[in-house]
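First the structure, in the form of structure tokens, and then the observations on it.
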Amino acid sequence: MAIVTPDICDDYPEVTVVEPGFRNYGGVPAFGGEIVTVKCHEDNSIVKEQVAKPGEGRVMVVDGGGSRRAALLGDMLAEKAAGNGWAGLIIYGCIRDVDVINETGIGVQALATHPRKTEKRGVGDLNVPVTFHGVTFQPGHYVYADNNGIVVSEKALSV
1 MAIVTPDICD DYPEVTVVEP GFRNYGGVPA FGGEIVTVKC HEDNSIVKEQ VAKPGEGRVM
61 VVDGGGSRRA ALLGDMLAEK AAGNGWAGLI IYGCIRDVDV INETGIGVQA LATHPRKTEK
121 RGVGDLNVPV TFHGVTFQPG HYVYADNNGI VVSEKALSV
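Going left to right, the sequence shown walks through residues 1 to 159 as UniProt numbering numbers them.
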């Protein structure tokens with residue numbers, strides 16, 4: 001079945017809806033899966049490490065603090081994530097290389113674009129609860145996203 005967040009909200013009123021503000025960029029317009037979280041600020045070292053690992057249909061939720069000063073995801077990392085089986089990435093921050101990412105077989109939602117890459121300092125946290133846009137994303141919970149928005153569930157949904 002297709003992921004359609006309005007239908008998910010109708011069928012599962014217990015889901016939490018992320019406040020608007022994200023834009024859909026990836027070549028897969030609707031995606032969902034188990035949450036893996038990364039908390040980082042203007043350093044995508046952990047994102048780079050994680051996309052190199054098997055994604056197994058999961059979704060990486062990256063809390064970049066909403067920074068609009070550098071991009072936490074670019075075309076090479078998006079292509080690596082797609083190749084390693086990640087369903088998508090939700091970036092609370094910026095991405096770059098959007099023309100290529102738009103053609104890449106992965107779902108990507110982010111706040112905006114920025115041409116500058118981050119510095120790699122190896123700073124950040126993996127699989128910790130992260131909160132932004134009115135929702136706390138817990139590792140092991142599930143997230144579903146499309147052009148209508150993003151919803152979070154404690155359990156996997158039949159969509």
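In this text, a Cβ means the ideal position worked out from N, Cα and C, and glycines have one as well.
Nothing here was measured: the structure is a model prediction, and the numbers come from that model.
For residue j and residue i, the rounded distance between their alpha carbons
| i | j | result |
| --- | --- | --- |
| Ala2 | Asp146 | 10 Å |
| Leu72 | Gly93 | 7 Å |
| Ile95 | Asp10 | 31 Å |
| Ala82 | Glu14 | 30 Å |
| Gly149 | Val128 | 23 Å |
Cβ neighbours of residue i in the same chain (closer than 7 Å, five flanking residues each side left out)
| i | result |
| --- | --- |
| Glu19 | His133, Gly134 |
| Pro54 | Asn84, Gly85 |
| Val28 | Gly88, Gly105, Ile106, Gly107 |
Buried or exposed (CB count within 10 angstroms, at least 16 for buried), residue i
| i | result |
| --- | --- |
| Val152 | buried |
| Glu42 | buried |
| Lys39 | buried |
Whole-number beta carbon distance between residue j and residue i, since they are thought to touch under 8 Å
| i | j | result |
| --- | --- | --- |
| Val35 | Gly124 | The question names Val, yet the displayed sequence has Ile at residue 35. That belief does not hold up - the Cβ atoms of Ile35 and Gly124 are roughly 16 Å apart, past 8 Å. |
| Ala112 | Arg69 | Their Cβ separation, rounded to whole angstroms, is 11 Å, which puts Ala112 and Arg69 out of contact at 8 Å. |
Short Cβ contact (7 Å threshold) for residue i with residue j
| i | j | result |
| --- | --- | --- |
| Val108 | Asp75 | no |
Contacts around residue i, its chain only, beta-carbon distance under 8 Å, and the 5 residues preceding and following it disregarded
| i | result |
| --- | --- |
| Asn24 | Gly107, Val108, Gln109, Ala145, Asp146, Asn147 |
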